[in-house]
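So the sequence shown is residues 26 to 132, counted in my numbering.
Glycine included, each C-beta is placed from N, C-alpha and C at the ideal position.
Step one of this worksheet: look at the structure below.
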Amino acid sequence: MSPINSRAKGKRGEQDFINRILRPFWPEARRNVDQFVADKRDVLAVNGVHFQVKRTETLRIWEALAQASNEAAEHDLPVVAFKRNGGQWYCALEADELVALLRLREE
Numbered sequence: 026m027s028p029i030n031s032r033a034k035g036k037r038g039e040q041d042f043i044n045r046i047l048r049p050f051w052p053e054a055r056r057n058v059d060q061f062v063a064d065k066r067d068v069l070a071v072n073g074v075h076f077q078v079k080r081t082e083t084l085r086i087w088e089a090l091a092q093a094s095n096e097a098a099e100h101d102l103p104v105v106a107f108k109r110n111g112g113q114w115y116c117a118l119e120a121d122e123l124v125a126l127l128r129l130r131e132e
């Protein structure tokens, strides 16, 4: 796949993740179209979360997790959202963070 097609696929993946997963909860969520600035999040207007969105058949999960963690602001939760063609969306985050989120639900 050419770099141009790959970027276009990435943009479509980001928009699909926003539309299907985030928009019902964060109607203001939108793609970060200016990724040549300090803010490297793929999704804006979801405060407290740094999403890296990957649409690929062969995810390099450790690299994606490191990217999300390294690029996240100090108090943002780094999350990798990913899917294969025709598949479901998944999210990866540290297990301790997942437990903290589940505990919030109990309150």
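In chain order, what residues of the same chain have a beta carbon less than 8 Å from the beta carbon of residue i, not counting five sequence neighbours either side?
i: PRO49; result: none
i: VAL71; result: LEU47, TRP51 and ALA54
i: GLY73; result: HIS100, ASP101 and LEU102
i: LEU118; result: LEU102, PRO103, VAL104 and VAL105
With 16 as the cutoff for other CB atoms within 10 Å, does residue i come out buried or exposed?
i: LEU129; result: exposed
i: GLU53; result: exposed
i: ARG66; result: buried
i: GLU88; result: exposed
i: ALA120; result: exposed
i: VAL78; result: buried
i: ALA93; result: buried
In the DSSP output, which residue or residues are listed as bridge partners for residue i?
i: ALA106; result: VAL78 and CYS116
i: VAL124; result: None; VAL124 has no bridge partner.
i: ARG55; result: LEU69
Check whether the Cβ atoms of residue i and residue j lie closer than 9 Å to each other.
i: ARG123; j: VAL105; result: First, the residue type needs correcting, since residue 123 is Leu and not Arg in the sequence shown. For LEU123 and VAL105, no; Cβs fall outside 9 Å.
i: ARG56; j: LEU69; result: yes
i: GLY35; j: LYS108; result: no
Between residue i and the rest of its own chain, which residues show a CB-CB distance below 7 Å, the 5 nearest in sequence each way excluded?
i: GLU96; result: LYS65 and HIS75
i: ASN110; result: GLU82
i: ALA98; result: HIS75
i: ASP59; result: none
Would you check if there are 3 or more beta carbon pairs closer than 8 Å linking the region 37-51 to the region 97-116?
yes
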